[in-house]
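Undergrad: Sequence order for the protein chains is W and V.
Numbering follows the working numbering, in which position 52 of the first sequence is assigned residue number 52; successive positions increment by one, without gaps.
Numbering follows the working numbering, in which position 26 of the second sequence is assigned residue number 26; successive positions increment by one, without gaps.
Note that CB positions come from ideal geometry on N, CA and C, so glycine has one too.
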Amino acid sequence: MCLGIPGEVIEFLPDQPDLARVDVSGVRRVINVGLLSDDPPAPGEWVLIHVGFALSKIDEDEAAAALEFLEGIGQAYEDELAALQESRIE
Amino acid sequence: MRFVDEFRDADKAHALAAKIAALCEPGRQYKLMEVCGGHTHTIYKHGLEDYLPESITLVHGPGCPVCVIPMGRVDDAMHLAAQPDVIMTSFGDMMRVPGSNGSFFDAKAAGTDIRMVYSPLDSLKIARQNPDKRVVFMAIGFETTAPSTAMTVLRASAQGLDNFSVFCNHVTIIPAIKAILDSPDLRLDGFLGPGHVSTVIGCRPYEFIAAEYGKPVVVAGFEPLDILQSVYMLMLQLAQGRSEVENQYTRVVPWDGNVVALQAIGEVMELRPYFEWRGLGFISHSALRMRPDYSAFDAELLFSVPGVRVADPKACQCGEVLKGVLKPWECKVFGTACTPETPIGTCMVSPEGACAAYYNYGRMSRQRVKEVTRS
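1) Under 9 Å between beta-carbons, which chain V residues line up against W90 of chain W? List them in chain order, please.
2) Would you call E276 of chain V buried or exposed, if buried means 16 or more other Cβ atoms sit within 10 Å of its Cβ?
3) For the beta strand (DSSP E) holding K31 of chain V, just list the boundary residues, first then last.
4) Who are the neighbours of A382 of chain V on chain W, taking C-beta pairs under 8 Å?
5) Whose C-alpha, out of V:D50, V:M116, V:S55, is nearest the C-alpha of D79 of chain W?
6) State the Cα-Cα distance for the pair L236 of chain V and F208 of chain V, rounded to the nearest angstrom.
7) Kindly list the residues whose CB is nearer than 6 Å to the CB of V197 of chain V, restricted to its own chain and excluding five residues on each side of it in sequence; keep chain order.
8) Could you tell me which uninterrupted beta strand (DSSP E) segments, each at least 3 residues in length, are contained entirely in the stretch 106-182 of chain V, listed from first to last along the chain?
9) Measure the C-alpha to C-alpha separation of V47 of chain W and I58 of chain W and round it to an integer number of angstroms.
10) Relative to the C-alpha of R29 of chain W, which residue among W:E68, W:A65, W:P6 is closest?
11) Closest to S284 of chain V by C-alpha separation, out of V:D93, V:E270, V:V349, would be which residue?
12) In this structure, what does DSSP give as the bridge partners for G102 of chain V?
13) Classify S90 of chain V: buried if its beta carbon has 16 or more other beta carbons within 10 angstroms, exposed otherwise.
14) Quickly, what does DSSP pair H50 of chain W with across the bridge? List them, please.
15) Taking 7 Å as the cut-off, decide whether the C-beta atoms of P313 of chain V and D76 of chain V are in contact.
16) Hey, could you find the ends of the beta strand (DSSP E) G63 of chain V is sitting in?
17) Contact criterion: CB-CB distance below 7 Å. Does V9 of chain W meet it with respect to chain V?
18) Which residues in chain V have a C-beta closer than 8 Å to the C-beta of Q75 of chain W? List them in chain order.
19) Are the CB atoms of N169 of chain V and A139 of chain V within a distance shorter than 7 Å?
20) Out of W:Q16, W:D23, W:E90, state which residue places its alpha-carbon closest to the alpha-carbon of L67 of chain W.
21) Got a sec: which bits of the stretch 30-59 of chain V sit with their beta carbon under 8 Å from any beta carbon on chain W, in order along the chain?
22) Looking only at DSSP bridge pairs, what is V218 of chain V linked to?
23) Any idea if V176 of chain V is buried or exposed, counting beta-carbon neighbours within 10 angstroms, 16 or more meaning buried?
24) Are the beta-carbon atoms belonging to N247 of chain V and V219 of chain V less than 7 Å from one another?
25) Let me see if you follow: with CB-CB separation under 7 Å, is F12 of chain W close to chain V or not?
26) Are any of the Cβ atoms in chain W nearer than 7 Å to that of T144 of chain V?
27) Taking 8 Å as the limit between beta carbons, can you name the residues of its chain near L376 of chain V, skipping five residues before and five after?
28) Starting from L9 of chain W, trace the beta strand (DSSP E) both ways and give me its first and last residue.
29) Run through chain V and tell me which residues come within less than 7 Å of S87 of chain W, C-beta to C-beta.
30) Contact defined as beta carbons within less than 8 Å: I believe R272 of chain V pairs with L288 of chain V. What is the distance between those atoms, to the nearest angstrom?
31) Which residue's Cα is closest to the Cα of S56 of chain W: V:I69, V:V35, V:P147?
32) What do you reckon, are the CB atoms on V74 of chain V and G111 of chain V nearer than 7 Å?
33) Provide the residue span of the beta strand (DSSP E) that contains A20 of chain W, from first to last.
34) Using CA coordinates, which residue listed in V:L301, V:I69, V:F104 is at the minimum distance from A311 of chain V?
35) At the level of alpha carbons, what is the spacing between A264 of chain V and L154 of chain V?
36) Does the count of Cβ pairs from the stretch 45-56 of chain V and the stretch 125-134 of chain V closer than 8 Å reach three?
The structure is reproduced here in structure tokens:
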């Protein structure tokens, strides 16, 4: 829950501009990007996600560093990814 | 992976360590608190204390949201979950936190409808799919998760969803830091500011620490070199007699935070007069509740919540650990009666809790490492 996980924005949902499909370590899920409405991310850009909400934009290098950090954490990140896999935000 | 290597480079770590050591005044002891549980995790995983001179002690702070939930609130949540037609939803981290009658996991095993969700938004879907049930989301966390709860309530309100509510346990980091600064138990020299919380609140809220308490604050990233760099920045301020707020984690943290997130919190929630923290006791204006405009989503108003205060188990010394007064291994039940599999205290539950981090990475005090290696 506390982990900020990096995801790459794939596309925005056509009828819901607050929602975007992102790729997190190969898992594609929908998240809310409403907290970045001041400076929305474009497809291909990376965001740091907390409990289904993008909280900040990050660059690709930072995303790679964050991902490596999370993979090093082990179980906690696996649990977070498993939870994300079950997520069905709509 | 250039970036990762850059943040893990052992030569750079040793170079930073030498610069830090050169800033230590002979005979002076330094106590620096890392407020955030994520930092605690990095420090133990990478053995960062081994890079620091013995005169610098890193003290672990209260920034693990699961760890600071008092037992009474867990019991209140269990009471809510047991009401007719209620589905309780919760982050996975909360499931093993012990109340006085067991954890959410225990209640779930006994047939109570408690469901793990990744996001509060997942609770909305459950509410839509179960119109004859009342879905209560167990909201916990600092300013990192509070905007998500606020945005979820705004969405539920916009969609006219009337069977969703929030049991709000969101806490705010600044009053906890102030309580620690005002506590006579501990004299601190500076703070490593939390990374993700600062993404939301920015760096300005820490300015009183520098201005009124004369302690430096450096908002720090989560990579090992981020933390060493931040310790260096703190030590440089101390050596130069400065106390300022600096941002080491500019890659992610804007100085003014996330204004949209702060507005969402402010729209939906307001400060409580006081709130109980595990180990720290009651702290004024340290937590959030629903504003009256959103009372239709406030589980504390929709249901009767017993609000019983439960003392922590006598054997558990999480309070002292959360205040940084005791190191985890100094607790009487650490690693014996209290382990991540069967936690007594909250600090052993979350992987970001100081006790779990110590337990998982087998860290001991540097003094004890020396004793062990000598014998």
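TA: Considering the structure as presented:
1) Residue numbering aside, residue 90 of chain W sits at position 90 when the first sequence is read from its first letter. Sequence inspection shows Glu at residue 90 of chain W; the Trp mentioned does not correspond to that position. Chain V residues near E90 of chain W: L121, L124, K125, R128.
2) Here residue 276 of chain V is taken as the residue at index 276 of the second sequence, counted from 1. Buried, since its Cβ has 16 or more Cβ neighbours within 10 Å.
3) Looking up residue 31 of chain V in the second sequence gives position 31. Its beta strand (DSSP E) spans residues 30-36.
4) For chain V, the structure presents residues 1 to 375; residue 382 of chain V sits outside this window and is missing.
5) Along the first sequence, one-based indexing puts residue 79 of chain W at 79. Taking only the C-alpha atoms, the option nearest D79 of chain W is V:M116.
6) Sequence index remark: in the second sequence, residue 236 of chain V carries index 236 (1-based). Sequence index remark: in the second sequence, residue 208 of chain V carries index 208 (1-based). Cα to Cα, the separation comes out at about 20 Å.
7) Indexing the second sequence from 1 puts residue 197 of chain V at position 197. The answer, listed in chain order, is F142, E143, T144, I173.
8) 114-116, 134-141, 164-170
9) As a first step, residue 47 of chain W must be located in the first sequence, where it is residue number 47. As a first step, residue 58 of chain W must be located in the first sequence, where it is residue number 58. Cα-Cα distance, rounded: 5 Å.
10) Against the first sequence, residue 29 of chain W aligns to sequence position 29. The candidate whose alpha carbon is nearest that of R29 of chain W is W:P6.
11) In the second sequence, residue 284 of chain V corresponds to position 284, counting from 1. Of the candidates V:D93, V:E270, V:V349, the one whose C-alpha sits nearest the C-alpha of S284 of chain V is V:E270.
12) The sequence position of residue 102 of chain V within the second sequence is 102, counting from 1. G102 of chain V is bridged to V:G99, V:S100.
13) Reading the second sequence from its first residue, position 90 is the one you call residue 90 of chain V. S90 of chain V comes out buried.
14) To locate residue 50 of chain W, count along the first sequence from 1; it is residue 50. W:F53.
15) Indexing the second sequence from 1 puts residue 313 of chain V at position 313. Indexing the second sequence from 1 puts residue 76 of chain V at position 76. Cβ distance not < 7 Å, so P313 of chain V and D76 of chain V don't count as in contact.
16) Taking the second sequence and counting its residues from 1, one reaches residue 63 of chain V at position 63. 56-63 is the span of the beta strand (DSSP E), which, as asked, contains G63 of chain V.
17) Counting from one through the first sequence, the residue named residue 9 of chain W turns up at place 9. Output row for V9 of chain W: interface = no.
18) Counted from its first residue, the first sequence places residue 75 of chain W at position 75. Ordered by position in chain V, the residues that pass the 8 Å Cβ test against Q75 of chain W are P351.
19) Here residue 139 of chain V refers to the residue found at position 139 of the second sequence. Here residue 169 of chain V refers to the residue found at position 169 of the second sequence. Going by C-beta atoms, A139 of chain V is nearer than 7 Å to N169 of chain V.
20) By one-based count along the first sequence, residue 67 of chain W stands at place 67. Ranking W:Q16, W:D23, W:E90 by Cα distance to L67 of chain W puts W:D23 first.
21) G37, G38, H41, T42, K45
22) As a working note, residue 218 of chain V is residue 218 in the second sequence. V:L192, V:E246.
23) Within the second sequence, numbered from 1, the residue matching residue 176 of chain V stands at position 176. Note that residue 176 of chain V corresponds to Ala in the displayed sequence, not to Val. Answer is buried; the Cβ neighbour count reaches 16.
24) Here residue 247 of chain V refers to the residue found at position 247 when the second sequence is read from its first residue. Here residue 219 of chain V refers to the residue found at position 219 when the second sequence is read from its first residue. Yes. Within cutoff.
25) Within the first sequence, the letter at position 12 stands for residue 12 of chain W. No, no contact with chain V.
26) Along the second sequence, one-based indexing puts residue 144 of chain V at 144. Cβ-Cβ to chain W under 7 Å: yes for T144 of chain V.
27) The question about residue 376 of chain V has no answer, for chain V in this structure spans 1 to 375.
28) By 1-based counting over the first sequence, the position of residue 9 of chain W is 9. Rather than Leu, the amino acid found at residue 9 of chain W in this sequence is Val. Counting along the chain, the beta strand (DSSP E) containing V9 of chain W begins and ends at 5-13.
29) Against the first sequence, residue 87 of chain W aligns to sequence position 87. The contacting residues are Y118, S119, D122.
30) In the second sequence, the residue the question calls residue 272 of chain V occupies position 272. In the second sequence, the residue the question calls residue 288 of chain V occupies position 288. Confirmed, about 7 Å.
31) Along the first sequence, read from residue 1 onward, the residue named residue 56 of chain W stands at position 56. With distances taken between Cα atoms, S56 of chain W lies closest to V:P147.
32) For the purposes of this step, residue 74 of chain V is taken as the residue at position 74 of the second sequence. For the purposes of this step, residue 111 of chain V is taken as the residue at position 111 of the second sequence. No, they are not a contact pair.
33) As a working mapping, residue 20 of chain W is identified with position 20 in the first sequence. 16-24 is the extent of the beta strand (DSSP E) around A20 of chain W.
34) Stepping through the second sequence from its first residue, residue 311 of chain V is reached at position 311. A311 of chain V has its Cα closest to that of V:I69, out of V:L301, V:I69, V:F104.
35) Start at 1 with the first residue of the second sequence, and residue 264 of chain V comes out as number 264. Start at 1 with the first residue of the second sequence, and residue 154 of chain V comes out as number 154. Computed Cα separation, rounded: 8 Å.
36) no
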